[in-house]
Structure formats: C-alpha cells, structure tokens
Amino acid sequence: MRDYRHREIEEKWQQIWDEKESFKAYNDYTRPKYYPLVEFPYPSGQGLHVGHPRPYTALDIVARKRRLEGYNVLYTMGWDAFGLPTENYAIKNHIHPAIVTEDNIKRFKAQLKSLGMSFDWSREINTTDPNYYKWTQWIFIKLFENGLAYKKEMDINWCTSCKVGLANEEVVGGVCERCGGAVVKRAKSQWMLKITEYAERLIDDLDDLDYIERVKSQQKNWIGKSVGLEVDFRTTLDDTLKVYTTRPDTIYGATYMVLSPDHPLIEERKAHIENYAELMAYREQSKLKSDFERTELNKDKTGIEIKGFKALNPASGEHITIWISDYVLMTYGTGAIMAVPGHDTRDWEFAKKFDLPIIEVVAGGDVAVEAYTDCDTGIIVNSAIINGLKVDEAKEAMSKFLEEKGIGTRKTNFKLRDWVFSRQRYWGEPIPLVSCPECGWVALPASELPLTLPNVTSYEPTDTGESPLSAMTEWIETTCPKCGGHAHRETDTMPQWAGSSWYFLRYCDVDNQDELASMDALNYWMPVDWYNGGMEHTTLHLLYSRFWHKFLFDIGVVNTKEPYAKRTSHGMIMGENNEKMSKSRGNVVNPDDIIQSSGADTLRLYEMFIGDFEKSVPWSDNSVKGCRRFLDRVWNLSESIAEGETYSKPLETIMHKTIKKVTEDYESLKFNTAIAAMMALINEFKQVEVVNKAEFKTLLMLLNPVAPHVTEELWEMIGAGGMITDQTWPVFDPEKVIDDVVEMAVQINGKVRGIISIPVDATQDEAHALAMEDEKIMQFITGKTIVKEVFVPGKIFNIVVK
RNA sequence: GCCGAAGUGGUGGAAUUGGCAGACGCGCCGGACUCAAAAUCCGGAGAGGUAAUACUCGUGCGGGUUCGACCCCCGCCUUCGGCACCA
C-alpha cells in the first residue's frame with residue numbers, strides 16, 4: 001500500500017492536465033455550452049489569500065461536473081491589474097508598475113495552478129495589456145460617440161489621502177472605500193458616464209434574472225426609483241419654483257419651502273434678497289463639511305430664511321416662507337422641496353427648530369409630538385377638495401388636479417448618479433480623446449488604438465489634482481484627428497472598474513484582433529450561465545458591467561441584453577478568532593502553507609465543507625485536519641476493493657441516494673451537505689463486508705470535482721481505465737433511491753412514543769396493526785379513546801387519543 | 001430611520017410544499033493498539049431526571065393556527081450586511 005503523498009500526486013496531475021489540455025474550451029459551436037465565471041482577482045503583492053479559493057473552487061466544482069456531463073465548458077481566469085496598490089508600490093520602490101504587475105501575476109498564477117483549478121489558461125487575460133485595453137478604450141469611444149460620456153465641471157468626491165476623485169459608489173460611510181481617508185467636495189472637470197440613462201432598465205431587467213435576492217434588492221435600493229410629481233410653486237416675484245414630491249396628497253400641509261444652498265434662484269434673484277451675504281456664508285460653510293460630517297450632523301438641522309420674497313402654496317393659496325438648508329440636495333429632484341412638517345420627519349425637525357407652522361392634513365397621529373408618516377391608514381383632513389380620502393386616493397386625485405391645472409407633472413426620480421469616470425492617476429487606461437481648440441473633444445480613430453501609457457519618471461499623484469501624465473509634455477502634445485490642428489491629450493485615466501466591465505466578453509474570443517469578440521463566439525458562449533462574486537461588488541462592478549453590456553447590446557456589439565443569467569455570492573473566510581483576516585490582527589492563513597502540509601485537495605474540500613457557502617465562517621485548523629482524515633480514509637479504502645461492475649445489494653440504495661444528493665447539492669451551493677453525504681457513504685462502506693469497484697468508482701466520480709488530484713490518482717491505482725476527467729457523471733435511478741422498509745415514528749397526540757419497521761408503501765391499516773402490537777404504544781392508548789388517526793405513508797403515524 | 005439576511009448542543013453547521021430536531025465534521029470522554037506518546041481504529045453523549053428504566057424540558061422571547069411547528073401567522077428582542085437628510 002502506497003502512502004498518500006499529496007504534493008507528489010498533485011504536481012503529477014497538474015502537469016498531466018496541462019500537457020493534455022484537459023480543460024481547454026473549444027470553439028466547437030455544435031456542442032452544448034456552459035460558461036461559469038468567477039471574478040478575476042486584482043493581483044496584489046500579498047499573493048493569494050485563503051478567501052480566494054472559496055468561490056474559485058465552488059465554480060470549479062460546477063465546471064468539472066459540467067464537463068463530465070458532456071458540456072463544452074468555458075472556465076477562465078485573468079487579471080484585473082490596474083489599480084492603486086500597484087501604483088503606490090511602484091512609487092515607493094521606483095519600479096515600473098508594469099513590472100510589479102508582471103511579478104504579482106506570476107505568483108498568483110503559480111498559486112492558482114497549485115490549487116488544481118480547471119481553468120483554460122490559453123484564454124488568460126490581463127486588463128493592463130495594451131491588446132486588451134485597446135478594446136476598453138474602444139468601448140469608451142463608443143460611449144462618447146453615443147453621447148453617454150461627457151465632461152463636466154462639478155463637485156466630486158475627493159479622497160484627500162489617495163489624492164484622487166472617486167465615484168459615488170466608492171464613498172462608503174462618508175470615507176474612501178479603499179483607504180478610509182476623508183472625502184471632501186472638490187470642483188473638478190470630470191469625465192462622466194450616463195449610467196442614469198439606464199436606471200430604469202437596470203431595475204426592470206432584474207426581474208427576469210436568476211440573481212440571489214439580496215443582490216437584486218441591494219441594486220434596486222441603490223438605484224432608488226421613486227415615483228412622484230413635480231409641482232410649480234409661484235413666488236411673490238412671479239418666479240416659478242419647481243419642487244418634487246412623492247406626497248402630493250399633503251400639499252395643503254406645505255407651510256414653507258426649502259431650497260438647496262446651491263439653488264440657482266438665489267443668484268437670479270440676488271437683487272431682491274435682503275440677506276444675500278448671510279445666505280452665501282451658509283453656503284460656503286456647508287460646502288466645507290465633508291460627507292462624513294454631513295451624515296454625522298444630520299440630526300441637527302440648520303438653515304437660513306430667504307428674506308425679500310415668499311412663495312404661494314398652490315393648493316391653499318397661503319403665503320409661505322422660503323428657506324435654504326443643506327438637508328435639501330441640489331443633485332436630487334429639483335433641488336427644492338415643499339416642506340410638510342406634519343408628515344415628514346425631516347421637515348418636522350426643521351419646523352420645530354425654527355418655530356414654523358405645522359398643519360395636520362392626514363389624521364391618525366399627533367403632529368404636535370412627531371411627524372405622522374403612515375400612508376396606509378390615514379385619512380386626509382384640512383384639505384378642501386380631497387378631505388375624507390385615503391392617502392393613496394388623495395395622491396391620485398391631487399396629481400390629476402394639479403396636472404389639469406397645468407402646474408403638475410408626473411415624474412420618476414432615481415438616486416443613482418452618473419458615474420464619475422476620470423482618475424488623476426498613472427496606472428489606468430488612458431482616455432483616448434484629445435482636446436482641440438477648434439473641434440472640442442475628439443475621439444482617436446480606431447486605427448490609433450491602443451493609446452498606450454507613456455513611460456514617465458514619476459508616478460506620484462499631485463496635490464493640484466492633475467494626473468501624473470500632465471507632466472508628459474511630449475505625450476500630451478498631439479494633433480487633432482479631425483482638423484489636423486494642434487491639440488492636447490486627456491491626461492486623466494480610467495477608473496479601476498473599466499477593464500472589468502466587459503472582460504467576460506473577451507474570454508469568449510481572446511485572440512481576436514479586429515473586434516472585442518466575434519458575434520459567432522458571443523452567440524455561442526453568452527450569456528455567462530453562472531457568475532459568482534463578492535457582495536461588495538453589487539453596486540460597483542456588477543452594476544457597471546450590466547450598464548456597459550446594455551449599451552453594447554444597444555449598439556449591436558453583443559447579443560444579450562444582460563451579461564449574467566445567474567449570480568450568487570460567497571461568504572468571507574474570517575480568522576480563527578472570527579475577525580476579519582489581516583496582517584495587523586495576526587490571523588492570516590496562507591493557502592500555500594495548507595497546500596504544502598495537507599494538500600490542495602484537502603484545502604478545497606475544507607473550504608467547501610466549512611459551512612454555508614453564502615455565509616462568512618471562521619477558519620479552523622482542526623476542521624482542516626478532519627477533511628484530510630476523510631481523504632485518508634478514501635485512500636485506504638482503495639486497498640480492499642473487490643471486483644464488481646454493478647452495485648451490490650446492501651449498498652445499492654445508498655449509492656443511488658448519494659448520487660442524487662451530491663448531484664443536486666453541487667447545483668445549489670450546498671457543497672457542505674454534498675460532502676457530508678460522501679462522508680456518510682464511506683461510514684456506510686465500513687459497515688459492509690466488501691466494497692466493490694463499481695461502488696468505489698462512483699464515490700471517486702462524485703468526489704472528483706472537489707478533490708480532483710487524489711481521485712485521479714486512485715482511479716489510476718485501481719485500474720479503472722483512462723482518466724477520471726474524461727468519464728461520464730454517474731446517474732441515479734429514481735426508483736432505487738427509496739428504501740423498501742422505513743423506520744416510522746408512531747406518535748400519540750403528537751409525541752413520539754414508538755418506532756415501527758414498515759414497508760414504505762404500507763397502508764394505514766397495516767401501520768395500525770403494527771402499532772397495536774407495540775407494548776409501549778399500547779400503554780398510552782389503554783384506557784383512552786382513539787379519536788383520530790393521521791397517517792402519512794412512509795413518513796409518520798399519529799394517533800390522537802382522549 | 002429604510003431595505004435585506006440570520007438567531008438551533010461545547011463548536012462549525014444539518015433538517016423547512018409542517019412529519020423521529022441535532023446529519024456530517026471538530027472538540028470532549030471512554031476503550032483498543034503502544035514501554036509511552038502521536039497517528040489510527042472502536043464506542044459514547046442536547047439539558048434535567050433516575051440505581052437503571054420511565055418521564056419532563058428543549059431550535060432568541062411572548063402569543064396563535066394545527067393531530068403535529070426550528071418551519072406557517074401576529075407581536076417583540078438581538079446580531080450581521082447594505083443604504084441613509086433621496087423629499
């Protein structure tokens with residue numbers, strides 16, 4: 001009996017798979033295809049983390065199983081390699097980021113190979129490769145040509161630590177998502193992508209997708225659709241102030257108005273405003289607040305009344321005061337609101353602070369104590385024409401009334417903002433546009449792509465907010481592709497999210513020099529059948545890539561309106577103390593160490609067995625040991641396998657049951673219970689006298705997707721013939737997964753009092769007869785009357801007595 | 001505040017078209033092997049209770065529906081994740 005020497009075995013099979021190109025996906029468009037996808041990693045300097053193999057193994061299991069089921073499988077890996085950590089490392093150590101990237105990729109790739117992932121390495125991609133980002137730039141130009149990329153001077157989120165502008169999605173809790181640095185507003189001219197144009201479709205099309213619910217709801221939440229009404233309020237200067245409201249039913253309760261401090265009316269009516277200087281001071285002050293401070297201070301409302309004119313409530317005709325406050329945002333709705341303190345919490349707080357009138361227009365609460373915001377039960381009062389209606393009815397009636405009067409328009413608003421797409425950094429895709437004094441912004445012709453990054457001497461970000469490229473005079477100075485005149489290149493680069501917004505398309509056709517991918521290849525491979533990735537990307541990468549894909553669909557470059565048919569998400573692997581793994585906490589586990597000591601198969605098995613795939617779990621060295629023990633037992637079993645090409649009688653049912661369980665569980669992210677079923681199977685193997693070849697081969701097949709190396713080796717050792725990778729997935733016979741005889745619980749008044757052994761298809765009468773023979777059951781029946789019997793065939797028998 | 005997910009032994013977790021709660025693993029206890037240990041193998045256990053049975057209690061808390069509830073309904077509590085002055 002040979003020892004189970006994992007390193008030797010694993011290296012052996014990894015080499016064989018490589019040589020035989022066992023996992024190559026063919027562009028043979030006649031076979032059924034399957035396209036599983038995992039998020040490609042950022043190749044950081046730290047190397048692979050134990051968190052990485054969890055999703056990779058999960059879909060590797062699916063990929064391997066699909067191949068055994070006869071599918072042409074496209075399972076691939078690549079590198080999302082642009083990004084700040086690499087750039088920072090390059091700055092610190094004076095190495096070109098491209099070299100840093102190359103080294104990191106080398107390390108990552110070796111680590112992934114040692115895990116035995118069945119990637120088709122011939123389709124590896126790298127977002128920093130000019131042959132790849134040529135097409136990222138090409139897509140940007142298409143966006144630009146279609147009016148979806150525009151440059152705008154605006155207040156952006158500026159990370160004071162990274163010295164870079166951030167997208168809305170990258171600001172988390174008022175601080176920089178990446179470094180935790182303070183984020184302030186800063187006026188900058190930025191490239192923007194009109195993702196808002198797709199807001200409606202990004203929500204609506206979720207309905208047909210097989211995404212886990214939390215992903216859908218988080219995306220919906222982020223896009224933030226709301227349906228309401230824009231209403232015109234007149235001022236005493238005869239201006240029109242548009243407000244947006246979702247509660248037109250409460251318009252009689254609007255006792256004042258609030259404008260955002262940036263509202264244009266303030267400039268326009270400067271001459272009529274008595275306290276203009278005071279308003280300006282407030283505006284400056286609110287701008288200086290960081291996002292963090294704004295959210296922290298949001299309990300305490302601030303504001304200034306505009307003195308000089310008033311507004312008229314269009315329903316009641318009352319004169320009402322106009323205020324400015326930073327709780328009203330210029331970026332949402334119209335930048336102005338009608339304030340209904342009786343029925344909006346924020347307005348109520350503001351009214352209390354500044355002693356403004358509060359009118360109850362929906363009965364049901366006590367507006368002297370708090371705002372009454374319930375929409376379900378309230379009845380409208382103090383509102384002339386809509387009195388007595390329910391909230392919903394009143395909303396509709398008032399909307400109709402204001403529309404007919406010509407001062408109301410139904411309007412849908414979204415929280416989603418356009419995507420800030422410029423970064424003032426070196427290590428990103430150059431934006432392929434030039435600025436010409438004659439022609440404005442002009443796109444490079446396709447023949448000039450890729451526009452490659454020039455070599456610079458310093459990658460340092462600048463305090464002025466200019467990209468490091470702005471010092472590259474030679475590179476910047478160019479001619480206008482349109483008029484041939486003197487022009488400048490854009491010096492900002494694209495954000496990290498650009499390359500990953502379409503990478504799954506490139507996998508379909510990696511070597512194509514003429515298109516990002518051929519329509520034939522896309523028709524065959526797309527959509528991605530199953531995409532697994534982190535929840536942290538739900539409102540970033542996942543949303544961005546859906547947006548790009550929809551755009552590419554609109555211009556006829558891709559064939560599906562959605563990129564991913566199914567989306568799932570894995571939980572994080574925490575440190576042994578159940579805290580997030582980090583160097584500073586000293587609880588980091590390196591996958592290389594586990595591969596060395598226990599083997600890749602053990603690590604894979606462990607990560608799949610450890611718990612619910614979708615939840616985070618703490619690392620446990622002991623549990624790793626248990627997984628290795630299981631593989632050892634399988635290994636030792638091979639020693640005593642008897643001949644036999646069919647399942648033997650005592651094991652037949654459990655064989656079919658296990659095939660069914662494992663087959664189904666691999667499809668539904670329940671890897672832990674699939675493995676538990678295989679463990680139970682070998683426990684059963686120990687109960688019988690002999691295990692034959694048919695039974696052992698089936699176990700190896702079922703286990704193969706999780707532990708591919710050791711099962712390959714054992715397959716060879718028992719002389720099963722060929723490679724396990726080339727076999728066919730075992731099937732179960734539905735007739736044979738049912739036991740002939742079951743142990744049925746007999747309950748008296750719902751409590752289990754006995755167990756009877758009974759044929760699975762026995763009748764109630766038979767069960768009754770058997771139960772009456774049971775002494776213990778009789779004890780509970782004697783002297784009582786049976787009032788009812790509930791019998792569920794094969795499951796339970798309950799006798800109700802009185 | 002809003003949206004979402006979840007609360008089960010010492011521990012990671014199983015089991016829901018309502019049907020024997022605790023599969024499988026870890027840890028623990030006992031035994032075998034060993035001079036001994038490690039490894040391996042065999043056995044044991046939810047809590048209370050009993051000499052041992054019996055029996056009672058038990059899936060965050062309080063109610064309800066049902067022959068029967070971890071599962072369904074109503075009302076709470078707690079934890080985690082996301083969003084947050086979005087009118």
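According to this note's numbering, the first sequence is numbered sequentially starting from 1.
C-beta atoms are modelled at their ideal positions from N, C-alpha and C, and glycine is treated no differently.
ask   = Taking one C-beta from the stretch 178 to 195 and one from the stretch 209 to 217 each time, how about it: are there three or more such pairs within less than 8 Å?
value = Not touching, per the Cβ criterion.
query = Does the beta-carbon of K657 have 16 or more other beta-carbons within 10 angstroms, so that it is buried, or is it exposed?
reply = For the purposes of this step, residue 657 is identified with residue 657 of the first sequence, where counting begins at 1. Answer is buried; the Cβ neighbour count reaches 16.
task = Indicate whether the contact test is met: 3 or more Cβ pairs, each with one atom in the stretch 40 to 60 and one in the stretch 13 to 27, closer than 8 Å.
result = No: fewer than three Cβ pairs fall under 8 Å.
task = Please list, in chain order, all residues of the same chain as W548 whose beta carbon is under 6 Å from its beta carbon, the five residues on each side excluded.
result = If you number the first sequence from 1, residue 548 lands on position 548. Contacts found: S501 and W502.
query = Anyone know if the C-beta pair for R123 and Y531 falls short of 8 Å?
reply = Counted from its first residue, the first sequence places residue 123 at position 123. Counted from its first residue, the first sequence places residue 531 at position 531. No.
request  = Report the rounded CA-to-CA distance for E69 versus E197, giving the unit in angstroms.
outcome  = What you label residue 69 is simply residue 69 of the first sequence in a count that begins at 1. What you label residue 197 is simply residue 197 of the first sequence in a count that begins at 1. Taking the straight line from one Cα to the other gives about 42 Å.
request  = Look at the Cβ atom of I324, then the Cβ atom of I306, and state whether they are nearer than 8 Å.
outcome  = Here residue 324 refers to the residue found at position 324 when the first sequence is read from its first residue. Here residue 306 refers to the residue found at position 306 when the first sequence is read from its first residue. Contact: yes.
message = If distances are taken between C-alpha atoms only, which option among Q727, A771 and K625 comes closest to I748?
response = Counting from 1 along the first sequence, the entry for residue 748 is found at position 748. Nearest Cα to I748 within the set Q727, A771 and K625: A771.
query = Is it right to say M519 is buried, meaning 16 or more other beta carbons lie within 10 angstroms of its own, or is it exposed?
reply = Here residue 519 corresponds to residue number 519 of the first sequence, with the count starting at 1. M519 is exposed by the Cβ-count criterion.
request  = Mind checking who L669 pairs with in its DSSP beta bridge?
outcome  = In the first sequence, residue 669 corresponds to position 669, counting from 1. Partner(s): none; L669 has no beta bridge.
ask   = What residues are listed by DSSP as bridge partners for F791?
value = Against the first sequence, residue 791 aligns to sequence position 791. Paired residues: F797.
message = As a quick exercise: from P618, M679, L681 and F696, pick the residue whose alpha carbon is nearest that of L645.
response = Position 645 of the first sequence holds residue 645. Reading the sequence as shown, one finds Glu at residue 645 and not Leu. For E645, the nearest C-alpha among the options comes from F696.
ask   = What is the DSSP secondary structure of R633, counted as helix, strand or coil?
value = Sequence index remark: in the first sequence, residue 633 carries index 633 (1-based). Helix, per DSSP.
request  = Count the C-beta pairs between the stretch 165 to 183 and the stretch 123 to 141 that are closer than 8 Å, then say yes if the count reaches three, no if not.
outcome  = Output reads no: the stretch 123 to 141 does not touch the stretch 165 to 183.
W530 (DSSP reduced to helix, strand or coil) = In the first sequence, the residue the question calls residue 530 occupies position 530. The answer is strand: DSSP assigns W530 an E or B state.
ask   = Applying the criterion that 16 or more other CB atoms from any shown protein chain within 10 Å of the CB defines a buried residue, is I337 buried or exposed?
value = If you number the first sequence from 1, residue 337 lands on position 337. It counts as buried.
message = Rounding to the nearest angstrom, what Cα-Cα distance links A707 and T728 in this structure?
response = Taking the first residue of the first sequence as 1, we reach residue 707 at position 707. Taking the first residue of the first sequence as 1, we reach residue 728 at position 728. Cα to Cα, the separation comes out at about 17 Å.
message = Using the three-state DSSP reduction, which class does Y276 fall into: helix, strand or coil?
response = Start at 1 with the first residue of the first sequence, and residue 276 comes out as number 276. Reduced to three states, the DSSP call for Y276 is helix.
inquiry  = Pull the bridge partners of I786 from the DSSP assignment, please.
reply    = Mapped onto the first sequence, residue 786 falls at position 786. Under DSSP, I786 takes part in a beta bridge, and its partners are V801.
message = Going by beta-carbon coordinates alone, are A254 and V171 separated by less than 8 Å?
response = Against the first sequence, residue 254 aligns to sequence position 254. Against the first sequence, residue 171 aligns to sequence position 171. The Cβ atoms of A254 and V171 do not sit closer than 8 Å to each other.
query = Does the stretch 339 to 359 come close enough to the stretch 275 to 291 to have 3 or more Cβ pairs within less than 8 Å?
reply = Because the criterion of three Cβ pairs below 8 Å is not met, the stretch 339 to 359 and the stretch 275 to 291 do not touch.
message = Our contact map puts K693 next to E643 with C-beta atoms below 8 Å; I'd like the distance itself, whole angstroms only.
response = On the first sequence, position 693 is the one that residue 693 refers to. On the first sequence, position 643 is the one that residue 643 refers to. Contact holds; Cβ gap of about 6 Å.
inquiry  = Considering only the alpha carbon of each residue, which of T127, K625, H94 and D344 lies closest to I105?
reply    = Here the question's residue 105 lines up with position 105 in the first sequence. Ranking the options by Cα distance to I105, first place goes to T127.
query = What do you reckon, are the CB atoms on M154 and P248 nearer than 8 Å?
reply = Indexing the first sequence from 1 puts residue 154 at position 154. Indexing the first sequence from 1 puts residue 248 at position 248. At a Cβ-Cβ threshold of 8 Å, M154 and P248 do not count as neighbours.
ask   = Any chance the stretch 523 to 543 sits against the stretch 557 to 573, with 3 or more Cβ pairs inside 8 Å?
value = The stretch 523 to 543 is in contact with the stretch 557 to 573.
request  = Determine the extent of the beta strand (DSSP E) in which S226 is found, giving its start and end residues.
outcome  = In the first sequence, residue 226 corresponds to position 226, counting from 1. In the DSSP assignment, S226 falls within the beta strand (DSSP E) that extends over K225 to T235.
key: Contact check, M229 vs G378, beta carbons under 8 Å   = Against the first sequence, residue 229 aligns to sequence position 229. Against the first sequence, residue 378 aligns to sequence position 378. The question names Met, but residue 229 in the sequence shown is Leu. It is not a contact, given that the beta carbons lie outside the stated cut-off.
ask   = Any idea what DSSP makes of K301, helix, strand or coil?
value = For the purposes of this step, residue 301 is taken as the residue at position 301 of the first sequence. Correct three-state label for K301: coil.
message = My output table needs one value for R423: the three-state DSSP class, helix, strand or coil.
response = Taking the first sequence and counting its residues from 1, the one referred to as residue 423 is at position 423. Under the three-state reduction of DSSP, R423 is assigned to strand.
ask   = Who are the near neighbours of I718 in its chain, counting only those whose CB is closer than 7 Å to its CB and skipping five residues on each side?
value = The residue you call residue 718 lines up with position 718 of the first sequence. Hits under 7 Å: S638, I641, K693 and F696.
message = Please return the same chain residues whose Cβ sits closer than 7 Å to the Cβ of K390, not counting the five positions on each side in sequence.
response = For the purposes of this step, residue 390 is taken as residue 390 along the first sequence, with counting starting at 1. Closer than 7 Å at the Cβ level, and outside the excluded window around K390, lie I379.
query = Can you find at least 3 beta carbon pairs, one from the stretch 472 to 488 and one from the stretch 446 to 459, that sit closer than 8 Å?
reply = Short answer: they touch.
query = Thinking just about the alpha-carbon of each residue, which of S458, T462 and P445 is nearest to the one in Q424?
reply = Within the first sequence, numbered from 1, the residue matching residue 424 stands at position 424. Closest by C-alpha distance to Q424, out of S458, T462 and P445, is T462.
inquiry  = Would the stretch 261 to 269 count as touching the stretch 432 to 452 if we require 3 or more Cβ pairs under 8 Å?
reply    = No, because fewer than three Cβ pairs between the stretch 261 to 269 and the stretch 432 to 452 fall closer than 8 Å, the two stretches do not touch.
key: Collapsed DSSP secondary structure at R753 in the structure displayed   = Here residue 753 is taken as the residue at index 753 of the first sequence, counted from 1. Under the three-state reduction of DSSP output, R753 falls in the strand class.
task = Examine the ligand MN and report whether any of its heavy atoms sits within less than 7 Å of the Cβ of A167.
result = By its list of ligands, the structure shown contains no ligand whatsoever, and the ligand MN lies outside what it can speak to.
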